[in-house]
Structure formats: structure tokens, C-alpha cells
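**Student:**
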Amino acid sequence: MCTHDHHDDQNAVIDKDTKEMLSRRHMVQALAAGGALTVTAPALSGCATNAETGSKQFLLIGDGQLGQMAASSWAEAKQKTPTSTDPRYLGRLKTIGSRIARGANKSNEQWDYAVFDTDTKNAFVLPGNRVGFYKGMMDFAETDDQIAAVMGHEVGHVTGKHAAERVSQQLAGQLAVTGGTALAGSQLAKKCRSRGEARIAGRTQVPRNELYAIQREYQQCMSGAHSKTKMLNAALGMGFTVGVILPYSRKHESQSDLLGAKYMHKAGYNPYESVKLWEKMAEKNTRRQPEFLSTHPDPSRRARDLYNYIKYQEKLGSQGWESIRMPKNS
Ligand SMILES: [Zn+2]
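Residue 371 is where the sequence shown starts when you use the numbering used here, and the numbers rise one by one after that.
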């Protein structure tokens with residue numbers, strides 16, 4: 371979905387086809403087919419390159435909006451599960467968290483931390499910079515460096531904008547399936563359409579960029595607050611469950627691993643401890659398997675990838691630790 375770059379500002383003649391494209395029938399069809407989000411209208415596709423990961427992302431929702439939506443889940447999590455204010459846990463987590471946030475150039479943002487008072491070996495991050503650790507995970511990780519490895523990984527999900535990307539993919543799918551029927555007759559759709567039509571009424575020429583802007587506004591209008599929230603809820607199915615919004619893809623997981631190691635290094639922790647942590651998780655028979663692994667599988671492979679990544683950054687010397695590029699053939 372992220373293959374089109376448009377740097378093209380020629381004028382576009384509003385011909386019959388364009389007018390028709392803006393007409394009700396076609397807009398609705400395009401939306402129903404997910405077309406407004408794909409190649410037929412590239413300017414609408416919400417593509418951006420993430421500076422941290424270097425990956426192109428398809429985003430239909432911003433972190434701000436996601437953060438607001440996750441506020442109640444965060445509050446609910448803290449209400450349902452007892453939290454600890456023990457400085458050996460919460461104080462320690464806050465200290466590690468703020469160092470990692472600094473390593474990620476995110477110390478100017480607000481971060482919330484909670485330690486849940488159970489022996490679950492798990493941790494999570496919710497949109498809006500909310501990081502939750504279970505006591506069991508902190509005990510399992512044992513050292514500050516290894517706790518920092520988990521923290522770095524979670525912060526990697528934030529800087530990688532993984533939640534927004536995951537939700538956007540779901541949302542796009544949802545729009546493709548139900549968009550047409552759900553929105554076709556609605557008042558909102560009518561309002562959006564007439565706004566777009568008014569912009570081009572009586573004109574014979576409109577700069578291409580403006581045309582894209584009109585289409586984009588139309589799209590934004592159609593997925594406006596009301597319908598967006600409804601569709602998002604549907605897209606998310608169960609809503610925001612604690613810990614995992616939706617399981618992340620393998621790509622997101624490995625991006626977070628490498629970003630985490632990078633932030634550890636920048637924060638003055640020993641990134642090799644992340645390798646040790648994953649190796650420890652891989653020792654299935656010696657300890658009860660951490661719950662963390664149900665959403666973060668394949669620990670041995672991840673330990674190996676992290677090791678290769680860290681070695682490579684060290685080899686790059688002063689050029690190292692600036693990206694999550696991996697050596698070739700690793
Ligand atoms: Zn993860």
C-alpha cells in the first residue's frame with residue numbers, strides 16, 4: 371500500500387472522469403473497495419517513512435488519537451490488577467524507563483509506568499507512552515540491564531509506531547469490507563461529498579495537488595470522529611485488551627528488538643544483556659515459560675539476530691548505532 375510517491379504538481383484538467391470520480395457513486399464504490407486507500411488515489415494512502423526504522427508505513431490514525439483511546443484501558447488495567455508502589459520495583463522501573471526514553475530521544479514526552487503486583491512474566495506498552503511491567507517479569511530479568519532490554523523493546527514499539535500501523539491495517543480491511551454499506555446512506559457521507567463538490571464547482575482546472583488534497587479531505591471527512599471510532603472498535607474486535615492490542619507482526623517484533631538494543635546502548639546499558647535475556651527465555655525446561663513469549667515467539671533466533679546486530683554496530687565504530695540496519699547475510 372506504500373509504493374506511490376507523488377511529487378507531481380502539474381495542473382489537472384477537471385474532465386468528465388474526474389468529476390465522475392468525485393461523484394457519489396464512485397466515491398462510495400472506491401471506499402467500499404478500499405480503493406480510496408490504494409493505487410487509484412495514492413495521495414490518500416497515508417504513507418510515511420518512519421525515521422527510526424526506515425520503513426514506509428501506512429497510517430490512517432495518529433498516535434494522539436490512539437493514545438486517547440488507550441487511556442481507559444490503562445486505567446482499567448490498573449484498577450483490575452493490584453499495582454505496586456514499592457520503590458524496588460516502581461522506582462527502579464521509572465529510573466530505567468527515563469534512561470531508555472532519553473536514549474530514544476523521547477525524554478521530552480510524558481511517560482507513565484506501572485508495576486503490576488503479580489508473578490506474571492510479561493510486560494507491555496499501550497499507546498500514549500504507557501509501559502506496564504509485571505513483577506514476575508522484573509524478577510525474571512533480574513538485572514537493570516535486562517529490564518532495560520525489555521523496556522527498550524517496548525519503547526521500540528512506540529517509536530516504530532507499530533500500534534498505529536497495526537490498527538491502520540485493520541481499519542483499512544474493515545473499510546474495504548463494510549465501508550460501502552455502512553457509510554453509503556449516512557448523513558455524514560453526504561456532508562463530506564458536498565464539501566468536496568463545492569470545492570471544484572464551476573472550475574475547469576484544479577492543480578493536481580489541490581485535487582489530491584480535496585480527495586484526502588474527503589477521505590478524512592468520511593472517516594471522521596463518529597464513524598471512525600465505531601469502525602475502530604469493530605476493527606479491534608475485542609477492543610483494547612490489556613497488554614496486547616493486536617499481536618505484532620514478526621517484522622515489528624524484530625524492529626523493536628533492534629531499536630531496544632540501540633536505546634540500551636545510547637542510554638549506557640550493555641546491549642549484550644538483551645541477548646542474554648532472550649537466551650534465558652529460550653531455556654524452556656529450566657524455568658516456567660514466560661508469558662511474554664506467547665506474543666514474542668522464537669527467542670533463540672531473536673537472541674542470534676540481536677547478537678549479529680550489536681556486533682555489526684560495534685564494527686561500524688563511530689558510524690554505528692544510528693540505524694537498525696543489519697549486516698548482509700545475517
Ligand atoms: Zn513486542
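Glycine included, every Cβ here is placed at the ideal spot set by N, Cα and C.
None of these values were measured; they are calculated from a predicted model.
#1: Look up Pro697 in the DSSP assignment and say whether it is helix, strand or coil.
#2: Is the segment 447–460 touching the segment 422–437 in the sense that three or more CB pairs, one from each, lie closer than 8 Å?
#3: Shorter than 6 Å, the distance from the beta carbon of His666 to the closest heavy atom of ligand 1, or not?
#4: To the nearest angstrom, how far is the alpha carbon of Val570 from that of Ser564?
#5: Quick one: Cα of Thr665 to Cα of Gly572, how far?
#6: For my contact list, Ser538 and Gly434 are in at a C-beta cut-off of 8 Å; report their separation, rounded to the angstrom.
#7: For Arg695, count neighbouring Cβ atoms within 10 angstroms of its own Cβ and tell me buried if that reaches 16, exposed if not.
#8: Any heavy atom of ligand 1 closer than 6 Å to the CB of Glu587?
#9: Let me confirm a value: Asn492 is counted as buried when at least 16 other C-beta atoms fall within 10 Å, else exposed. Which label applies?
#10: What does the Cβ neighbour count give for Lys531, buried or exposed, with the cut at 16 atoms within 10 Å?
#11: Flag this pair as yes or no: are the beta carbons of Gly506 and Gly630 separated by less than 7 Å?
#12: With which residues is Cys562 paired in a DSSP beta bridge?
#13: When you compare the segment 467–474 with the segment 642–656, are there three or more beta-carbon pairs, one atom per stretch, that lie closer than 8 Å?
#14: Since Ala518 and Ala440 should fall inside the 8 Å C-beta cutoff, what is the C-beta to C-beta distance between them, to a whole number of angstroms?
#15: Given Glu649, which residues of its chain have a CB within under 8 Å of its CB, disregarding the five upstream and five downstream residues?
#16: According to DSSP, is Arg573 part of a helix, a strand, or is it coil?
#17: For Gln659, does the three-state DSSP call read helix, strand or coil?
#18: Distance check for Asp675 and Tyr682, CA to CA, integer angstroms please.
#19: Return yes when at least one heavy atom of ligand 1 lies under 6 Å from the C-beta of Glu422, else no.
#20: Do you know offhand how far Leu628's Cα is from Asp487's?
#21: Under a Cβ-count criterion, where at least 16 other Cβ atoms within 10 Å of its own Cβ denotes burial, should Ala418 be classed as buried or exposed?
#22: What would DSSP say about Ala474, mapped onto helix, strand or coil?
#23: So, with DSSP's three-state summary, where would you put Thr465?
#24: Under 6 Å from any heavy atom of ligand 1, does the C-beta of Ser626 make it?
#25: Whose C-alpha, out of Asn420, Tyr679, His523, Asp489, is nearest the C-alpha of Pro697?
#26: Does DSSP classify Gly687 as helix, strand or coil?
#27: Count the other CB atoms, across all protein chains shown, that sit within 10 Å of the CB of Asn478; report buried if there are 16 or more and exposed otherwise.
#28: Using the C-alpha atoms, what's the distance from Glu661 back to Phe494?
**Tutor:** Working from what's here:
#1: The count along the sequence shown starts at 1 and reaches residue 697 at position 327. Here Pro697 sits in coil by DSSP.
#2: no
#3: Looking up residue 666 in the sequence shown gives position 296. Yes.
#4: As a first step, residue 570 is located in the sequence shown; it is residue number 200 there, counting from the start. As a first step, residue 564 is located in the sequence shown; it is residue number 194 there, counting from the start. For the sequence presented, residue 570 should be read as Ile rather than Val. About 10 Å.
#5: Residue numbering aside, residue 665 sits at position 295 when the sequence shown is read from its first letter. Residue numbering aside, residue 572 sits at position 202 when the sequence shown is read from its first letter. For Thr665 and Gly572, the distance between alpha carbons rounds to 55 Å.
#6: For the purposes of this step, residue 538 is taken as the residue at position 168 of the sequence shown. For the purposes of this step, residue 434 is taken as the residue at position 64 of the sequence shown. Ser538 to Gly434, Cβ: 14 Å. No contact.
#7: Along the sequence shown, one-based indexing puts residue 695 at 325. So Arg695 ends up on the exposed side.
#8: Here residue 587 refers to the residue found at position 217 of the sequence shown. For ligand 1, not one heavy atom lies less than 6 Å from the Cβ of Glu587.
#9: Indexing the sequence shown from 1 puts residue 492 at position 122. By the 10 Å Cβ count, Asn492 comes out buried.
#10: As a first step, residue 531 must be located in the sequence shown, where it is residue number 161. It is buried - the Cβ of Lys531 has at least 16 other Cβ atoms within 10 Å.
#11: Walking along the sequence shown from the start, residue 506 turns up at place 136. Walking along the sequence shown from the start, residue 630 turns up at place 260. Taking 7 Å as the Cβ cut-off, Gly506 and Gly630 do not qualify as a contacting pair.
#12: Counted from its first residue, the sequence shown places residue 562 at position 192. Its beta-bridge partners do not exist; DSSP assigns none.
#13: no
#14: Here the question's residue 518 lines up with position 148 in the sequence shown. Here the question's residue 440 lines up with position 70 in the sequence shown. That pair is no contact at about 23 Å.
#15: Position 279 of the sequence shown, counting from 1, holds the residue named residue 649. Correct list, in chain order: Pro669, Ser670, Ala673.
#16: Within the sequence shown, residue 573 is the residue found at index 203, counting from 1. It is coil, neither helix nor strand.
#17: Here residue 659 refers to the residue found at position 289 of the sequence shown. Of the three classes helix, strand and coil, the one that applies to Gln659 here is coil, per DSSP.
#18: Locating residue 682 in the sequence shown gives position 312, where the first residue counts as 1. Locating residue 675 in the sequence shown gives position 305, where the first residue counts as 1. Each residue's Cα considered, the two are about 11 Å apart.
#19: Stepping through the sequence shown from its first residue, residue 422 is reached at position 52. Glu422: no, Cβ never under 6 Å from ligand 1.
#20: As a position in the sequence shown, residue 628 is number 258, starting the count at 1. As a position in the sequence shown, residue 487 is number 117, starting the count at 1. Using only the alpha carbons, I get a separation of about 29 Å.
#21: Here residue 418 is taken as the residue at index 48 of the sequence shown, counted from 1. The residue is exposed, with fewer than 16 neighbouring Cβ atoms inside 10 Å.
#22: To locate residue 474, count along the sequence shown from 1; it is residue 104. Three-state result, Ala474: coil.
#23: For the purposes of this step, residue 465 is taken as the residue at position 95 of the sequence shown. Looking at Thr465 - three-state DSSP - the assignment turns out to be helix.
#24: Counting from 1 along the sequence shown, the entry for residue 626 is found at position 256. Yes, ligand 1 has a heavy atom inside 6 Å of this Cβ.
#25: Taking the first residue of the sequence shown as position 1, residue 697 is located at position 327. Cα-wise, what sits closest to Pro697 is Tyr679.
#26: As a working note, residue 687 is residue 317 in the sequence shown. Note: Gly687 maps to helix in three-state DSSP.
#27: The residue you call residue 478 lines up with position 108 of the sequence shown. So Asn478 ends up on the exposed side.
#28: The residue labelled residue 494 in the question sits at position 124 within the sequence shown. The residue labelled residue 661 in the question sits at position 291 within the sequence shown. So the alpha carbons of these two residues sit roughly 11 Å apart.
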